[in-house]
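*Asks:*
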Amino acid sequence: MKATCWMGKQNVEVREVPEPQILNQSDAIVRITSTAICGSDLHLYNGFVQPMMKGDVLGHEFMGEVVEVGRRVHKLKVGDRVVVPFTIACGNCWQCRHDNWSLCENSNPNGALAEKALGHAGSGAFGYSHLTGGFAGGQAEFVRVPFADVGPLKIENELSDEQVLFLSDILPTGYMGAEMCDIRPGDTVAVWGCGPVGLFAIMSAYLLGAERVIAIDRFEYRLAMARKCRAETVNYETVDSVSETLIEMTGGRGPDACIEAVGLEAHGHGLEYLYDRSKQAVGLETDRPIALREAITACRNGGTISVIGVYGGLVDKFPLGTIMNRSLTIRSGQCHVHRYMRPLLERIQNGEIDPTMVITHRMPLSDAAKGYEIFLNKTDNCEKVVLHA
Ligand SMILES: [Zn+2]
Ligand SMILES: [Zn+2]
8 MKATCWMGKQ NVEVREVPEP QILNQSDAIV RITSTAICGS DLHLYNGFVQ PMMKGDVLGH
68 EFMGEVVEVG RRVHKLKVGD RVVVPFTIAC GNCWQCRHDN WSLCENSNPN GALAEKALGH
128 AGSGAFGYSH LTGGFAGGQA EFVRVPFADV GPLKIENELS DEQVLFLSDI LPTGYMGAEM
188 CDIRPGDTVA VWGCGPVGLF AIMSAYLLGA ERVIAIDRFE YRLAMARKCR AETVNYETVD
248 SVSETLIEMT GGRGPDACIE AVGLEAHGHG LEYLYDRSKQ AVGLETDRPI ALREAITACR
308 NGGTISVIGV YGGLVDKFPL GTIMNRSLTI RSGQCHVHRY MRPLLERIQN GEIDPTMVIT
368 HRMPLSDAAK GYEIFLNKTD NCEKVVLHA
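Using the numbering used here, read the sequence shown as starting at 8 and increasing by one per residue.
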């Protein structure tokens, strides 16, 4: 079959690889009909998330048709149309039973590796480095889905692939980012990053009752998309200080909650950015927390910072004093996708959210390498690339 393979830094190729097989009787094999390239795929592409091995199949946002099921799969049958969450979860362990699906204790075969790097291991994930299990991803013609009775969400209506595909990651991730803010009526929420996750965080913040949402980015086309989602916008390249601008926009108090949807490859200007770039380049920190520092500084006293941007390891100049002295709360996590898929499907069906608005580029799977380049370079105002079978 054809699959999008990681072949080295900034090098992906669509290659012929063996078709996946049922390895465990609780597996299903899914024929992919639609898949997407994610901002977190770019962290792999740029070599920031490791370890990757030459030939690893990428892709953690995908959906398709079940073509084979193991003997112990009871909820799915051949022919079912499913969206698959990017996190792999067993459904039985302590964390799964506590609704913390991205922390499943049974789904990461490389848990020991993750424990060494992070203290404890998170769940397995599709197409996302050997730290999360080295599972082959779904930017391919077929994929093996472990714990097939637990994760995949059956789509039994007329909604198109593009309407439901993002239930696999970015829509639940943006929603969880807003939910972690415990929004109350009248709240102002600031969102760093107007990529697809940032846009879904903006929409979700309004759905959850925010009065104002202010979005921060540097690309005009992305800010325009944020305004379409009713956000006020700040282009950080046109202001001296994002934090000061936000404090001014909120009558001196600061946003009640700040959502960081940027992660470890943040940009900025001035000395601080140069400092982080050089430290990261020589391996003295793994992640550039520029947006995160701004979010912490800008947030009102007693407010919440919700971190959904991807971080891999260690950051420098982390303002713990600010957090402690101003009673800030930091919440974070890989999305517990399983928790949100069904309620968000309902919101899509009710017309409360239109996930298709983030899609700017569509191409066949065979063009995936081109898709990565376009997405990385933001060619033609690229916001989100969907690959169709
Ligand atoms: Zn993703
Ligand atoms: Zn589990």
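By construction, the Cβ of each residue, glycine as well, lies at the ideal position given by its N, Cα and C atoms.
1. Taking buried to mean at least 16 other C-beta atoms within 10 Å of its own C-beta, is S167 buried or exposed?
2. Does the region 22 to 35 touch the region 45 to 58, meaning 3 or more C-beta pairs lie closer than 8 angstroms?
3. Which one of R234, Y280 and T240 has the shortest CA to CA distance from I297?
4. By Cβ distance, which residues of its chain are closer than 7 angstroms to L383, with the 5 residues on each side in sequence left out?
5. Please state whether the Cβ-Cβ distance between V73 and V37 is less than 8 angstroms.
6. Mind listing, in chain order, the continuous beta strand (DSSP E) runs of no fewer than 3 residues lying wholly within the region 290 to 319?
7. If we call anything under 8 angstroms between Cβ atoms a contact, is P27 one with V150?
8. Suppose contacts are defined by Cβ-Cβ distances below 8 angstroms. Is C188 in contact with S41 by that definition?
9. Do the region 376 to 394 and the region 138 to 145 make contact, defined as three or more Cβ pairs closer than 8 angstroms?
10. For the alpha helix (DSSP H) that C265 lies in, which residues bound it at each end?
11. Using the three-state DSSP reduction, which class does L215 fall into: helix, strand or coil?
12. Just mark R260 as buried or exposed, buried being the case when its beta carbon has 16 or more other beta carbons within 10 Å.
13. Regarding V343 and ligand 1, is the C-beta to nearest heavy atom distance less than 7 angstroms?
14. Whole alpha helix (DSSP H) runs in the region 169 to 238 with 4 or more residues, listed along the chain?
15. Using the Cβ count rule (16 or more neighbours within 10 Å means buried), how would you classify G216?
16. Any idea what DSSP makes of D63, helix, strand or coil?
17. Mapping DSSP to helix, strand and coil, what is A288?
18. Is the beta carbon of S114 less than 8 angstroms from the beta carbon of G86?
19. Assign E292 to one of two classes, buried (16 or more other C-beta atoms within 10 Å of its C-beta) or exposed (fewer than that).
20. Applying the criterion that 16 or more other CB atoms from any shown protein chain within 10 Å of the CB defines a buried residue, is M331 buried or exposed?
21. Please state whether DSSP places N18 in a helix, a strand or coil.
22. Kindly identify the DSSP beta-bridge partner or partners of V80.
23. Tell whether a beta-carbon distance below 8 angstroms holds between G397 and A268.
24. Any heavy atom of ligand 2 closer than 7 angstroms to the CB of A96?
25. Closest to F55 by C-alpha separation, out of V241, E75, L321 and I39, would be which residue?
26. Determine the burial state of V289: buried for a count of at least 16 other Cβ atoms within 10 Å of its Cβ, exposed for fewer.
27. With 16 other CB atoms within 10 Å as the buried threshold, where does G205 fall?
28. Taking only runs of the beta strand (DSSP E) that begin and end inside the region 125 to 169, which ones reach a length of at least 3 residues, in chain order?
29. Would you list the one or two residues that DSSP bridges to R369?
30. Just to check, is the beta-carbon of S33 closer than 7 angstroms to a non-hydrogen atom of ligand 2?
31. Say yes only if the C-beta of E4 is nearer than 7 angstroms to one or more non-hydrogen atoms of ligand 2, and no if none qualify.
32. Is it buried or exposed for Q341, if we count other Cβ within 10 angstroms and need 16 for buried?
33. Is any non-hydrogen atom of ligand 1 found closer than 7 angstroms to the C-beta of D247, if you look at the structure I gave you?
34. Ligand 2 heavy atoms versus the CB of E218: any closer than 7 angstroms?
35. So, do the region 168 to 180 and the region 98 to 108 have three or more beta carbon pairs nearer to each other than 8 angstroms?
36. Please classify S47: does DSSP put it in a helix, a strand, or coil?
*Replies:* The answer reads as follows:
1. exposed
2. no
3. Y280
4. L49 and Y52
5. yes
6. 311 to 314
7. yes
8. no
9. no
10. Element bounds for C265: not the alpha helix (DSSP H) but the beta strand (DSSP E), A264 to E267.
11. coil
12. exposed
13. The sequence given here places His at residue 343; Val does not occur at that position. H343: no, Cβ never under 7 angstroms from ligand 1.
14. 177 to 186, 203 to 214 and 227 to 235
15. exposed
16. strand
17. helix
18. no
19. buried
20. exposed
21. strand
22. In DSSP, V80 forms no bridge with anything.
23. Only positions 8 to 396 of the chain appear in the structure, and residue 397 is not among them; the question remains open.
24. yes
25. L321
26. exposed
27. buried
28. 149 to 152
29. V393
30. no
31. Outside the shown range of the chain (8 to 396) lies residue 4, about which nothing can therefore be said.
32. buried
33. no
34. no
35. no
36. helix
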